[in-house]
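Novice: Below is a structure I'd like to ask you about.
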Amino acid sequence: MIVALLMLAAAILTAPGTLRARAATPRGRRPTPRDRDIPEKGLLGMAFSLDMLSVCLRSGMPVATAALVVASSAPLELARILNRAGEMLALGAPASAAWTDTGTPDDPGYEQRQALTRLARRSADSGAMMADGIASLAVQCRRDALDSAVATAERAGVLIGAPLGLCFYRHSFA
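Mature numbering (1 follows the signal peptide of the UniProt record, and there is no 0) puts the sequence shown at residues -23 to -1, 1 to 151.
Okay, structure coming up:
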């Protein structure tokens, strides 16, 4: 009984999101989604954000404004890039200085963020339309997310199948 209570206490203390948000919010105020720990949205979240950026640019919105608008709902690492670029472009900085990624190659989605910054710098230098390139980058993010999901499922299949195979192998040759 004591072990069960200790495990329950540990689960409550380490639970992400709701319990911590309620403890951190003042009485009389309900927790908002911003109060909770929002997990990284991954490549699909990045693809959605890139689609939004592409639509904003196609509608005629300035790049700085579009970047700031999309940053509010983008995954954390992408939001940092978009916020920085939007603020610097609004102040009149050149695109080569505004579109940079300070992340490390170990971060998830690093290659896609690098592709976005290269695309934005190249677009500013050549005057090419940025929206089409961003839309194709979103499609590539979706493909990468699908490849990652398939690889994870295949790994899970091997991890599940290997012990079962050993169980049947042992009984059939004993």
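No residue lacks a Cβ here, since even glycine has one placed at the ideal position from N, Cα and C.
Under the rule that 16 or more other beta-carbon atoms within 10 Å means buried, what is residue 39, buried or exposed?
Specialist: Here the question's residue 39 lines up with position 62 in the sequence shown. When all chains shown are included, residue 39 counts as exposed.
Novice: So residue 41 is in the alpha helix (DSSP H); what residue range does that whole segment cover?
Specialist: By 1-based counting over the sequence shown, the position of residue 41 is 64. Where residue 41 is concerned, the enclosing alpha helix (DSSP H) stretches over 40 to 48.
Novice: Count the other CB atoms, across all protein chains shown, that sit within 10 Å of the CB of residue 47; report buried if there are 16 or more and exposed otherwise.
Specialist: Residue numbering aside, residue 47 sits at position 70 when the sequence shown is read from its first letter. Counting Cβ neighbours within 10 Å, residue 47 comes out buried, since at least 16 surround it.
Novice: Could you give the C-beta distance for residue 96 and residue 107, rounded to a whole number, given that I count them as a contact under 8 Å?
Specialist: If you number the sequence shown from 1, residue 96 lands on position 119. If you number the sequence shown from 1, residue 107 lands on position 130. About 7 Å; that satisfies the 8 Å criterion.
Novice: Answer with buried or exposed for residue 69, where buried requires no fewer than 16 other C-beta atoms within 10 angstroms of its C-beta.
Specialist: The residue given as residue 69 occupies position 92 in the sequence shown. When all chains shown are included, residue 69 counts as exposed.
Novice: Between which two residues does the alpha helix (DSSP H) holding residue 68 run?
Specialist: Within the sequence shown, the letter at position 91 stands for residue 68. Where residue 68 is concerned, there is no enclosing alpha helix (DSSP H), given that its DSSP letter is neither H nor E.
Novice: Express the C-alpha separation of residue 80 and residue 87 in angstroms, rounding to a whole number.
Specialist: Residue numbering aside, residue 87 sits at position 110 when the sequence shown is read from its first letter. Residue numbering aside, residue 80 sits at position 103 when the sequence shown is read from its first letter. Going by the C-alpha atoms only, they are around 7 Å apart.
Novice: Quick check: does the Cβ of residue 52 come within less than 8 Å of any heavy atom belonging to the ligand ATP?
Specialist: What this structure holds is no ligand at all, so the ligand ATP is not there to describe.
Novice: Can you have a look at residue 10 and say buried or exposed, based on whether 16 or more other CB atoms are within 10 angstroms of its CB?
Specialist: Within the sequence shown, numbered from 1, the residue matching residue 10 stands at position 33. Confidence is the limiting factor: at residue 10 the pLDDT is only 46, short of 50, which leaves the residue's position unreliable, though a coordinate-based value still follows. Under this definition residue 10 is an exposed residue.
Novice: Taking Cβ to Cβ, would you say residue 90 is nearer than 9 Å to residue 23?
Specialist: As a working mapping, residue 90 is identified with position 113 in the sequence shown. As a working mapping, residue 23 is identified with position 46 in the sequence shown. A contact, by the Cβ cut-off of 9 Å.
Novice: Since residue 41 and residue 30 are thought to touch, with beta carbons under 8 Å apart, how far apart are those beta carbons, to the nearest angstrom?
Specialist: As a position in the sequence shown, residue 41 is number 64, starting the count at 1. As a position in the sequence shown, residue 30 is number 53, starting the count at 1. Actually they do not touch by this definition, with Cβ atoms about 12 Å apart.
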